[in-house]
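Using the UniProt record's numbering, the first residue of the sequence shown is number 2, and each one after it goes up by one.
Read through the structure below, which is laid out as structure tokens, and then see the notes.
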Amino acid sequence: AKQAYTRTKPHLNIGTMGHVDHGKTTLTAAITKVLSERGGAKYVPFDRIDRAPEETARGITINISHVEYETASRHYAHVDMPGHADYVKNMITGAAQLDGAILVVSAQDGIMPQTREHVLLARRVGVEHVVVALNKADGADPELADLVELELRELLDEHGYGDSPIVRVSGLRALEGDPAWTEAIESLLRAVDDHIPVPVRYLDAPFLLPVENSLTVTGRGTVVTGVIERGTIAVGDRVEAVGLGEGFTAVVTGVETFGKTMERGQAGDNAALLLRGIRREQVRRGMVLAAPGTLSAHRRFTARLYLLTESEGGRHRPITSGYRPQLYLRTADVPGTLTLRDTDLALPGDTVVADIELAKPTAVDHDLGFALREGGRTVAAGVIQELHT
Ligand code: GDP
Ligand code: MG
């Protein structure tokens, strides 16, 4: 029989972000190693994290690794991703749903372009709390590390993360068992425990889970995974699939987190739901599972948009009505056509109101934040103001 998950501590979703090769995956492995020695984790080696199974859905491939661990006061689900594009997709579609992030910066290399972009991205998608791991401190000249720290302070201040702790670590040395660097990982985890607050969870709201992935478990049926956005779910509850095609309702016959059974999944949990009588093909990334009758799919809505400037990674040319970018709404990724309100043309840096028509009905809500992307770059951030049919 499967082990049961006992909820003794608050659960938070965090993850590593930062420039490629600054040591995100090494640090993730080191955290599980250090905590495994205290019974707070199962050690997950570098190779197991870096070779995450690809989740392929409708042409977009997303690489994401989930590990779990516990400190004295919290239970964490931690995501790590191999490439910059994976961060962009997961963070803006909300698949990562981070309550806080560990920004990994190499003390030897300093701030690099993806460091900046991830800080910006974190701010745009509403990650309120960041802790910095100034990594590779083992081989860094201390004066150079001081300089990097000064630059980091400036970057953090600029984006409203002025109170972020910066902890010097060496993921690699901690992984090798060096006691001084093991202690540094413990300091980093204390900073995470202290600095990232437990977010408000909407447990009384109707259940909603944006689908990240679906898989077939031989002999058991179809399992759907994702982070519960609001409400609670238990075995025997019914859920309705909304958006991106034929909806259905199904009875939940199993609720798990990290391979352990749960009596009740709740907002914030990284959950796997077993659905009775559903084929894998019926469920797709981008749909949501909701309490029946509480949410509907829409193709048209009005939104307020902020167009990123070129220095923020956006376009350098204006957009006009008829513009057709890709919209990232929760875990969905759908083309949409824009009609600008009150203007013919919007420039990077502008805030405008637009009517948007999606290619497919998608589960959306009033006040839902989303991103607009084109040719691999984020060009705008939006918030839904009014839903139409
Ligand atoms: P990621 O791309 O950010 O996930 O970076 P990786 O974890 O794959 O690390 C990239 C390279 O940096 C690897 O060769 C690691 O062994 C090395 N590395 C990671 N952490 C440290 C560290 O703390 N000190 C040193 N000296 N090297 C490190
Ligand atoms: Mg990596």
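Glycine residues also receive a C-beta, built at the ideal position from the N, C-alpha and C atoms.
- Environment of the ligand MG, chain-ordered: Lys25, Thr26, Asp51, Asp81, Pro83, taking every residue with Cβ within less than 7 Å of a heavy atom.
- Distances between the C-beta of Lys34 and the heavy atoms of the ligand GDP are all 7 Å or more.
- For Arg174, the shortest C-beta to heavy atom distance toward the ligand GDP is below 7 Å.
- Nearest to Ala73 by alpha-carbon distance, out of Glu358, Glu187, Asp142, is Glu187.
- In the pairwise beta carbon analysis, the segment 315–329 is classified as touching the segment 346–357: at least three pairs are separated by under 8 Å.
- Counted as a single uninterrupted DSSP element, the beta strand (DSSP E) harbouring Gln327 occupies residues 327–330.
- DSSP places Asp81 within a strand segment (E or B) once states are collapsed to three.
- Looking at the backbone, the Cα of Thr223 and that of Pro83 are separated by about 27 Å.
- DSSP, read as helix, strand or coil, puts Gln109 in coil.
- For His67, the pairing in a beta bridge is given by DSSP as Val80.
- Every unbroken stretch of the beta strand (DSSP E) spanning 3 or more residues and falling wholly within the segment 308–368 is given here in chain order: 327–330, 333–341, 352–364.
- Gly172 places its beta carbon less than 8 Å from that of Ala31.
- Pro143: member of the alpha helix (DSSP H) spanning 143–159, first to last residue.
- Your pair Thr183 and Ala175 checks out as a contact, with CB atoms roughly 5 Å apart and the cut at 8 Å.
- Take His23, set aside five residues on each side of it, and the residues of its chain with a beta-carbon closer than 8 Å to its own are Val105, Val106, Ser107, Asp110, Met113, Thr116, Asn136, Lys137, in chain order.
- Just so you know, the alpha carbons of Thr250 and Ala382 end up roughly 32 Å apart.
- Distances from the alpha-carbon of Ala86 to those of Ala347, Arg378, Ser37 put Arg378 closest.
- Straight through space, the alpha carbons of Ala268 and Ile197 are spaced by roughly 17 Å.
- A contact between stretches requires three or more CB pairs, one per stretch, nearer than 8 Å, and the segment 265–281 meets this requirement with the segment 221–238.
- Secondary structure note for Leu173: its alpha helix (DSSP H) is the uninterrupted segment 172–176.
- Proximity of the beta carbon of Val21 to the ligand GDP is indicated: a heavy atom of the ligand is located closer than 7 Å.
- Segment contact: the segment 285–297 against the segment 238–253, three or more CB-CB distances shorter than 8 Å; contact assigned.
- Annotated three-state conformation of Thr258 is strand, per DSSP.
- A distance below 8 Å between beta-carbons, with the five flanking residues on each side excluded, links Ile50 to the following residues of its chain, in chain order: Thr26, Thr29, Ala30, Ser66, Val68, Asp81.
- Secondary structure note for Phe371: it is in no alpha helix (DSSP H), and the uninterrupted beta strand (DSSP E) holding it is 370–375.
- Leu306 sits away from Leu348, with the two beta carbons spaced by 8 Å or more.
- For Asn64, the distance from the CB to the nearest heavy atom of the ligand GDP is not below 7 Å.
- In the three-state reduction of the DSSP assignment, Phe47 falls in the helix class.
- Residues Gly227, Ile229, Leu290 of the same chain have their beta carbon placed closer than 6 Å to that of Leu210, with the five preceding and five following residues left out of the count.
- Going by beta carbons, Tyr77 and Tyr70 fall inside the 8 Å limit.
- Not one heavy atom of the ligand GDP is found less than 7 Å from the C-beta of Val106.
- DSSP places Ala86 in the helix class (H, G or I) of the three-state scheme.
- When C-alpha distances from Arg202 are compared across Gln4, His12, Tyr6, the shortest belongs to His12.
- At a threshold of 7 Å, Ser171 counts as near the ligand GDP, since its beta carbon sits closer than that to one of the ligand's heavy atoms.
- Residue environment: Glu313 is assigned as buried (16 or more neighbouring CB atoms within 10 Å of its CB, all protein chains considered).
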